[in-house]
Amino acid sequence: MNLNYSLPPDDREAGQGAVGEDIQFCIPANLSLLGRRMSGWFLVGESRWAYVENGEVKQSGEIAEGSNYKMVPLIGNVILECELFGGKTILARSTMEHAARYGYLSQVLNDKASSKKVRMYKREEEASCATCGGALIPGTRVCPRCMNKGAAFKRLFAVSGRHWKSFILVLVILFASSGLALLGPYFQKLLINGALQPAAGTEASTTLFFSAIAGMVGCLLVAELLGITRNRMMAGISSGISADLRKLVYDKTQSLSLGFMTSQRAGDMMNRITSDTERIRQLIQELCTTAVYQLIMLVAASTLLFMADWRLAIVVLLPAPIVAYLHRYIWKNVLNRLFHKQWRVYDKANSFLHDVLSGIRVVKAFGKEEREIKRFREYNANYAAMTLKSEKLYSILSPITNYLIQLGQYFVLLIGCNLILRSEMSIGELIQFSAYASMIFGPISWLMFMPRWVANAIVSIERIFSVIDERPEVEEARQPIKHDIKGHVQFKDVYFGYKSYEAVLRDINLEIKPGEMIGLVGHSGSGKSTLINLLSRFYDVNEGVITIDGVDIREIEQSELRSQIGVVLQETFLFNGSIMDNIRYAKTDATNEEVIEAARIANAHNFIIGQADGYDTMLDENGSNLSGGERQRLAIARAVLGNPRLLILDEATASLDIETESAIQEALQRLARGRTTVAIAHRLSTLRNADRLIVLEKGRIAETGTHTELMQKKGIYYKLIQAQREMSTRIDKEFVSGISEEAEAGAV
Amino acid sequence: MTTKTIEAATEQSEQVSTEPVITELAEAAAITFLDRSNASFRLTEGGMLAVEHDGKQHEAVYVHSSFPHSNRASYLSIRTIENKEIGIVRQLEDFDEATAELLVQQLQVRYFAPQINKLLKVKEEFGYSYWEAETDSGIVKFTVRGGVGQIKLVTPVRLLITDVDGNRFIIPDYTALSDKEYRMIELYM
Chain A
21 MNLNYSLPPD DREAGQGAVG EDIQFCIPAN LSLLGRRMSG WFLVGESRWA YVENGEVKQS
81 GEIAEGSNYK MVPLIGNVIL ECELFGGKTI LARSTMEHAA RYGYLSQVLN DKASSKKVRM
141 YKREEEASCA TCGGALIPGT RVCPRCMNKG AAFKRLFAVS GRHWKSFILV LVILFASSGL
201 ALLGPYFQKL LINGALQPAA GTEASTTLFF SAIAGMVGCL LVAELLGITR NRMMAGISSG
261 ISADLRKLVY DKTQSLSLGF MTSQRAGDMM NRITSDTERI RQLIQELCTT AVYQLIMLVA
321 ASTLLFMADW RLAIVVLLPA PIVAYLHRYI WKNVLNRLFH KQWRVYDKAN SFLHDVLSGI
381 RVVKAFGKEE REIKRFREYN ANYAAMTLKS EKLYSILSPI TNYLIQLGQY FVLLIGCNLI
441 LRSEMSIGEL IQFSAYASMI FGPISWLMFM PRWVANAIVS IERIFSVIDE RPEVEEARQP
501 IKHDIKGHVQ FKDVYFGYKS YEAVLRDINL EIKPGEMIGL VGHSGSGKST LINLLSRFYD
561 VNEGVITIDG VDIREIEQSE LRSQIGVVLQ ETFLFNGSIM DNIRYAKTDA TNEEVIEAAR
621 IANAHNFIIG QADGYDTMLD ENGSNLSGGE RQRLAIARAV LGNPRLLILD EATASLDIET
681 ESAIQEALQR LARGRTTVAI AHRLSTLRNA DRLIVLEKGR IAETGTHTEL MQKKGIYYKL
741 IQAQREMSTR IDKEFVSGIS EEAEAGAV
Chain B
18 MTTKTIEAAT EQSEQVSTEP VITELAEAAA ITFLDRSNAS FRLTEGGMLA VEHDGKQHEA
78 VYVHSSFPHS NRASYLSIRT IENKEIGIVR QLEDFDEATA ELLVQQLQVR YFAPQINKLL
138 KVKEEFGYSY WEAETDSGIV KFTVRGGVGQ IKLVTPVRLL ITDVDGNRFI IPDYTALSDK
198 EYRMIELYM
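Shown next as structure tokens:
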């Protein structure tokens, strides 16, 4: 990320006057407060900041005078503000493209203001093209201006290498079938010249007649057979290649870090795995069948045309590209637009229909049927009108374009007939000739359309390889060690932020003894879940180290580490499959008895047994046929089945009622003996069994101690407890008074 | 800020009924409305908006519009940085002219979206469209991601375009575009 733009000389001079020789950061501040675009800059030196515009320092100050520097995102713009002399001040304003830069900068300014070390870990990649230096679209790594089309294809060929033998065979078949296609007209000529209208002075030959017919039929037959073979082979090859690609992408997604996966929208990933590979499959198939075939035909047919009669060949070939271009132009600029619009209207009507039908209960509940009928009529009429319009135009345009295509043929006939009348050509030759001529147009018009879909396919190829080439953020150590966890966990001076300019955890020092149960407490956003993410090594720390039994967790083999950590998250995810499969996910070779044990610990056994299909109950998508509490209990069962040495519970019992929760708590208590447990809970009663409570506040450890110790301290924890108690007593009171009122009413 | 813009802003707000109706709904919603009788706004030295309401000072507040597109200057929610609502300004006429000007200014700070006066070029390639347009803050070039949601009609005629960085651009009335300009964007609508 560029945080130090090079300044124009006069701005630079002015800036150095204000912040000192060493301008450490320099970011465009391209908006005035009232929204005019400016060429201003925000500069940060060793201890001063300044706002410079057109070689003039407009504002400057000591960094240490301000505090709480902050990037505030507004709508379509961001401002940098800080607290200065007790009041808030806007320092700079900019458009959105510099938002992240101001985020960084505010962090830097805060560090400088409190004279701390400026912490910048990973400079997030600047989205700019490596070749042309132009800005890159966020979320992509390919600059459309200098995308190397050749390189993309090369990669694709490398992946397709496995199939080269089949490719050659297909090529041979292609040549053979195009040869056969070209033979057809030759037999026609034979038939006409030899049998139907023999040249003057020769007899019509029956042998020639039959052999010509046989040749034509034979050509047709063999060509069809070859076509079938070719298509079957190509289907095999292209599916093979796209399956290879899908596998590559999928394998990669599994090994990529959580950081990458959450930054990509899940749908985007799905697209890459399914539709992009499908598009590539089509490309290969088209390229290797139609494209090559069309090219062969084009070259061969035009050669044959020239050999037959060069004057006629020119008459045919010259207008062909023009006609083909015209054809393409009409399609692209008129018909495509029209159909696109029609499709849009159709889509709108469709989504309206989907909307109303799935919300039919609401429509009925509000009695709005009439209104919806009227609205649908409108959409429907629109669609009908649009369809009529495009069909009308199409019905006019398509005969015209077809006529244009055949225009060349009329000229051929005109000149050809003249030649025949002057006896310079036989009828058979003319027929053969016009048959070849008709073979020309197809390939030419096809070639006109080719660039567009090749370009589309290239984007797909690039997108797929951008995933395949991605390097995982959490990397396996060079020589990972296997380690049997005993449960001694230590955080030493840990700093971490998902974006390096926003530290989520700061200065974390924590020691957890084997078998200890730790409760993590704090407001939402205080860094509890982040701490757990670091412990499971979904992310690596920016600074400091986390050890388990004295071993840096970055040294431990990832799969080894995670197989010994049991995680239950608040949002439980269950896969399609039976309850059995889902519990067994943690340990695929678990026996039936082990599964039942785990379910009993999680207090899930009873409800599972109650199901008609018991443990064989098939779950709908994400277990939607179970209640939230039931899903959570399955997730707990899944986590305990692996018999993990380290148990992480992130709001694991939040959607359970108190009674079920305490039952599970008891079971977990039994299980947790001798096992290190880290639990997060908003409901503080959940953590009453914890040996120690850690209170996090804004990414720092604010308090530690047992429940009693913390209550005596009357700090943050005390306040949290008080707030929750107040809440529940208020509810209780209201409830009780409600009952008594009801009782009174009943008595009356 | 000229008085003309204020007039334009107030003109819009006149479309809503100005007479507050006390209903059961209003009673339940318990909205705090700010007007010249109970609140006063001022600009701090640091260029932030401050408000005094019922004797309480709020140093840095932000003005959020309830209807940024259809009725920008009405029902302005005055909020702190912690996103707590201090109250709602029903319409600018509830304050004196200077304050109204101040509020309109704050709206401009918060909602930055250059108006496109003339479209120069729209080119689509590889799932992104590249735009070049004359706006009221100069000629801009920006890139818009393809697919739904980036270009949308926020009122029957007002088009909102969001670029890949999150910058917003407005075409106030797409029916007023020239034929040539309209053809550039019609596929996205």
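Chains A and B, in that order, are what the protein sequence lines are.
So the mapping is simple: our numbering equals the position in the first sequence, first residue as 1, plus 20.
So the mapping is simple: our numbering equals the position in the second sequence, first residue as 1, plus 17.
Each residue gets a CB set at the ideal place from its N, CA and C atoms; glycine is no exception.
Can you name the residues of chain A whose CB is closer than 9 Å to the CB of residue i?
i: S57/B; result: Near S57/B there are no residues of chain A at all, since even the closest Cβ is about 17 Å away, more than 9 Å.
i: G155/B; result: R56, R57
Is DSSP giving residue i helix, strand or coil here?
i: P93/A; result: strand
i: A767/A; result: Below a pLDDT of 50, predicted positions are generally treated as unreliable, and A767/A, at 49, falls in that range; no measurement from the model is reported.
i: P173/B; result: coil
i: Q32/B; result: Interpretation of Q32/B is limited by its pLDDT of 47, a score under 50 that renders its predicted location unreliable; the figure taken from the coordinates is listed afterwards. Reduced to three states, the DSSP call for Q32/B is coil.
i: R301/A; result: helix
i: G159/A; result: Confidence in G159/A is poor, its pLDDT being 48 and thus under 50, which makes the residue's placement too unreliable to answer from.
i: I178/B; result: strand
i: F129/B; result: coil
i: V524/A; result: coil
i: V561/A; result: coil
i: A38/A; result: helix
i: P28/A; result: coil
i: I629/A; result: helix
i: L554/A; result: helix
i: Y515/A; result: strand
i: T726/A; result: coil
i: L51/B; result: strand
i: T97/B; result: strand
i: H14/B; result: Examination of residue 14/B is not possible in this model, given that chain B is present from 18 through 206 alone.
i: E390/A; result: helix
i: K142/A; result: Note that K142/A has pLDDT 48, beneath the 50 cutoff, so the model's placement of it is unreliable and the number below is only indicative. Looking at K142/A - three-state DSSP - the assignment turns out to be coil, as it is neither helix nor strand.
i: N623/A; result: coil
i: Q510/A; result: strand
Under 8 Å Cβ-Cβ, which residues of chain A neighbour residue i?
i: D182/B; result: T115, M116, E117, A119, P158
i: L109/B; result: The contacting residues do not exist; L109/B stays about 17 Å from chain A at best.
Which bits of chain E does residue i rub up against, with CB to CB less than 9 Å?
i: H347/A; result: Given the protein chain composition of this structure (A and B), no chain E is represented.
List the residues of chain A that residue i touches, going by C-beta distances under 7 Å, in chain order.
i: G8/B; result: Here chain B covers residues 18 to 206 and nothing more, so residue 8/B does not appear.
i: E76/B; result: G107, K108
Of the choices the options, whose alpha-carbon is the least far from that of residue i?
i: L63/A; options: P28/A, R348/A, R442/A, T550/A; result: P28/A
i: L373/A; options: D329/A, R395/A, R331/A, Q429/A; result: R395/A
i: E482/A; options: D296/A, A369/A, I416/A; result: D296/A
i: E69/B; options: N55/B, E62/B, L137/B; result: N55/B
i: Q302/A; options: Y270/A, S259/A, D264/A, I293/A; result: S259/A
i: W69/A; options: V319/A, V660/A, A133/A, V571/A; result: A133/A
i: Y423/A; options: N438/A, A385/A, L346/A, E444/A; result: L346/A
i: N606/A; options: G75/A, I380/A, G662/A; result: Reading off the sequence shown, one finds Ala at residue 606/A, where the question assumed Asn. Comparing Cα positions, the closest option is G662/A.
i: T367/A; options: S378/A, Y399/A, E390/A; result: Per the sequence presented here, residue 367/A reads as Asp, with Thr not at that position. When only C-alpha atoms are compared, the closest one is Y399/A.
i: L245/A; options: M58/A, L265/A, A201/A; result: A201/A
i: H75/B; options: D111/B, P85/B, L60/B; result: L60/B
Please classify residue i: is it buried, with 16 or more other beta-carbons within 10 angstroms of its beta-carbon, or exposed?
i: Y635/A; result: buried
i: I684/A; result: buried
i: Q732/A; result: exposed
i: N553/A; result: buried
i: W61/A; result: buried
i: G159/A; result: Confidence is the limiting factor: at G159/A the pLDDT is only 48, short of 50, which leaves the residue's position unreliable, though a coordinate-based value still follows. With fewer than 16 other Cβ atoms within 10 Å, it is exposed.
i: Y349/A; result: exposed
i: K197/B; result: exposed
i: E33/A; result: exposed
i: R100/B; result: Note that residue 100/B is Asn in the sequence shown here, rather than Arg. It is exposed - the Cβ of N100/B has fewer than 16 other Cβ atoms within 10 Å.
i: A43/B; result: exposed
i: E729/A; result: exposed
i: H360/A; result: exposed
What does residue i reach in chain B if we use C-beta pairs closer than 9 Å?
i: L94/A; result: Y79, V126, R127, Y128, F129
Count the CB pairs spanning the segment 578 to 593 of chain A and the segment 501 to 515 of chain A that are closer than 8 Å, and state whether there are at least three.
Judged by Cβ distances under 8 Å, the segment 578 to 593 of chain A makes contact with the segment 501 to 515 of chain A, as three or more pairs qualify.
Within 8 Å, do at least three Cβ pairs link the segment 400 to 409 of chain A to the segment 427 to 438 of chain A?
No: fewer than three Cβ pairs fall under 8 Å.
The segment 625 to 632 of chain A touching the segment 667 to 681 of chain A, judged by at least three CB pairs closer than 8 Å
These segments do not touch.
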